[in-house]
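**Student:** One structure coming up, written as structure tokens, with questions to follow.
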Amino acid sequence: MAENAVTYDVVVVGGGAAGLAAAIAAGRAGARTALVERYGFLGGLATAGMVSTICGLYHGSSSGEPEPINEGFAEAFARRLSAMPGCQKPVRRGRSVVLPYTPFAFACLADELVTAVAPLDVYLHAYLVGVDTAPARIEGLRITTWERSLELRAGVVVDTSGDAVVARQAGAATETAPLAHRQLPSLIFVLQQVDTAALGAGPRVAVLRALLAAEQDGRLPPGASNVTLGLSPQPGELVGKLALDGLASGLSERRDFLTAAEQEGRRRVVAVTEFRKTLPAFGRAFGSHVAAQVGVRESRRVIGRYQL
Numbered sequence: 018m019a020e021n022a023v024t025y026d027v028v029v030v031g032g033g034a035a036g037l038a039a040a041i042a043a044g045r046a047g048a049r050t051a052l053v054e055r056y057g058f059l060g061g062l063a064t065a066g067m068v069s070t071i072c073g074l075y076h077g078s079s080s081g082e083p084e085p086i087n088e089g090f091a092e093a094f095a096r097r098l099s100a101m102p103g104c105q106k107p108v109r110r111g112r113s114v115v116l117p118y119t120p121f122a123f124a125c126l127a128d129e130l131v132t133a134v135a136p137l138d139v140y141l142h143a144y145l146v147g148v149d150t151a152p153a154r155i156e157g158l159r160i161t162t163w164e165r166s167l168e169l170r171a172g173v174v175v176d177t178s179g180d181a182v183v184a185r186q187a188g189a190a191t192e193t194a195p196l197a198h199r200q201l202p203s204l205i206f207v208l209q210q211v212d213t214a215a216l217g218a219g220p221r222v223a224v225l226r227a228l229l230a231a232e233q234d235g236r237l238p239p240g241a242s243n244v245t246l247g248l249s250p251q252p253g254e255l256v257g258k259l260a261l262d263g264l265a266s267g268l269s270e271r272r273d274f275l276t277a278a279e280q281e282g283r284r285r286v287v288a289v290t291e292f293r294k295t296l297p298a299f300g301r302a303f304g305s306h307v308a309a310q311v312g313v314r315e316s317r318r319v320i321g322r323y324q325l
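Just so we're on the same page, my numbering is the position in the sequence shown counted from 1, plus 17.
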């Protein structure tokens, strides 16, 4: 065994919602566990993608108080999250019940939970660089952090990367839908100093119609009108979600899909923000920030014994 090797019962790769649950559950059960995450915070797309609402936690058909679908880790996490500053209780939107939250609160709660589990080691800013395999099993993972390289020997490996990165490097069977058949990714952005009092449902529809007309006559780039708008609980703040279609034409052997999505997404957000300054309620508006990562809805999948 190498000098920089560390042995674990369970190694979880990917610190999003699924990886967080898997690592905490393993640690609470007494397993010596490692959680490997590429960003400097946990939460995956819930934080890096600034999703800001969690769907699927509650029965949508029930009336009265929202009823949790799963009373395990998900329900406990949601209850803690809703009580944190800037977050809300679950709210009904149409036929669904969602839990609004702030990405910062999600990341802080994740820190608090993993720190409380003694057998759990967290590696942030950590990248998977290699997988050591034996017949029909993974024996270890090689990771690199900001300050060191490590070999994690693993009894069990859980791939919660969202992109099947462990499975792919281990040579396991994976599948990726053709680009034209995948669900569209989205980029979430935030505008400040919007006259939100002037933006009821009617005015918001008028804004979307103006964006569509501007795209059709060439004042906005293709795809820039494919946006939804949501009022934030914060005064003067508006959250936009830009669905990114038409990216295939910008790809080449030297430019992969995510690079194109990130760069083109920001270009469209700038164009939309500048155009909106010509509209009522947006005269002083500016884009304060975008998500650290494009929200990818569909990626590489493991071809496992069971598939959803």
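Even for Gly, the Cβ is constructed at its ideal location relative to N, Cα and C.
Small disclaimer: the values here were computed from a predicted structure and weren't measured.
1) Cα separation between P117 and I71?
2) Once DSSP output is grouped into helix, strand and coil, what is the label at L62?
3) If you draw a straight line from the C-alpha of V134 to the C-alpha of I41, how long is it?
4) Where V115 and A151 are concerned, what is the direct C-alpha to C-alpha distance, given to the nearest angstrom?
5) In angstroms with no decimal places, state the Cα-to-Cα distance between G47 and V29.
6) Please report the straight-line C-alpha distance between A100 and A122, rounded to a whole angstrom.
7) Can the beta-carbon of V182 be found closer than 9 Å to that of L145?
8) Just tell me which of E84, A93, G179 has its CA closest to the CA of S113.
9) Could you give the DSSP three-state label for E54: helix, strand or coil?
10) Beta-carbon within less than 6 Å of Q105's beta-carbon, same chain only, minus the 5 sequence neighbours each way: which residues are those?
11) Beta carbon of G66, beta carbon of G312: below 9 Å?
12) Quick check on the DSSP output: the beta strand (DSSP E) that includes F303 runs from which residue to which?
13) Classify I160 as buried or exposed, calling it buried when 16 or more other Cβ atoms lie within 10 Å of its own Cβ.
14) Check whether the segment 300-319 touches the segment 193-201, counting contact only when three or more Cβ pairs, one atom from each stretch, lie closer than 8 Å.
15) Given this structure, state the Cα-to-Cα distance separating L208 from G179, to the nearest angstrom.
16) Can you tell me where the alpha helix (DSSP H) holding L130 begins and where it ends?
17) Tell me whether the beta-carbon of L59 lies closer than 9 Å to the beta-carbon of L167.
18) Using CA atoms only, rank isn't needed, just tell me which of P195, V287, A95, F292 is closest to A63.
**Tutor:** On the basis of the supplied data:
1) Taking the sequence shown and counting its residues from 1, one reaches residue 117 at position 100. Taking the sequence shown and counting its residues from 1, one reaches residue 71 at position 54. Answer to the nearest angstrom: the Cα atoms are 7 Å apart.
2) Along the sequence shown, one-based indexing puts residue 62 at 45. Here L62 sits in helix by DSSP.
3) Stepping through the sequence shown from its first residue, residue 134 is reached at position 117. Stepping through the sequence shown from its first residue, residue 41 is reached at position 24. Roughly 7 Å separates the two Cα atoms.
4) As a first step, residue 115 must be located in the sequence shown, where it is residue number 98. As a first step, residue 151 must be located in the sequence shown, where it is residue number 134. The straight-line gap from Cα to Cα measures roughly 44 Å.
5) If you number the sequence shown from 1, residue 47 lands on position 30. If you number the sequence shown from 1, residue 29 lands on position 12. If you take the alpha carbons of G47 and V29, they lie about 15 Å apart.
6) Indexing the sequence shown from 1 puts residue 100 at position 83. Indexing the sequence shown from 1 puts residue 122 at position 105. Answer to the nearest angstrom: the Cα atoms are 10 Å apart.
7) Within the sequence shown, numbered from 1, the residue matching residue 182 stands at position 165. Within the sequence shown, numbered from 1, the residue matching residue 145 stands at position 128. Contact flag set, yes.
8) Along the sequence shown, read from residue 1 onward, the residue named residue 113 stands at position 96. Among E84, A93, G179, the Cα nearest to that of S113 belongs to E84.
9) Within the sequence shown, the letter at position 37 stands for residue 54. If DSSP states are grouped into helix, strand and coil, E54 belongs with coil.
10) Here residue 105 refers to the residue found at position 88 when the sequence shown is read from its first residue. Taken in chain order, the residues that qualify are P117.
11) Mapped onto the sequence shown, residue 66 falls at position 49. Mapped onto the sequence shown, residue 312 falls at position 295. Yes; because the gap between Cβ atoms is below 9 Å, this pair is in contact.
12) Taking the first residue of the sequence shown as position 1, residue 303 is located at position 286. Taken as a continuous stretch (DSSP letters only), the beta strand (DSSP E) holding F303 covers 303-307.
13) Counted from its first residue, the sequence shown places residue 160 at position 143. That one is buried.
14) Between the segment 300-319 and the segment 193-201 there are three or more inter-stretch CB-CB distances shorter than 8 Å, so the stretches are counted as touching.
15) Sequence index remark: in the sequence shown, residue 208 carries index 191 (1-based). Sequence index remark: in the sequence shown, residue 179 carries index 162 (1-based). If you take the alpha carbons of L208 and G179, they lie about 29 Å apart.
16) Numbered from its first residue, the sequence shown carries residue 130 at position 113. Its alpha helix (DSSP H) spans residues 120-132.
17) As a first step, residue 59 must be located in the sequence shown, where it is residue number 42. As a first step, residue 167 must be located in the sequence shown, where it is residue number 150. The answer is no: Cβ separation not under 9 Å.
18) Your numbering for residue 63 matches position 46 in the sequence shown. Residue A95 is the option with its Cα nearest to A63.
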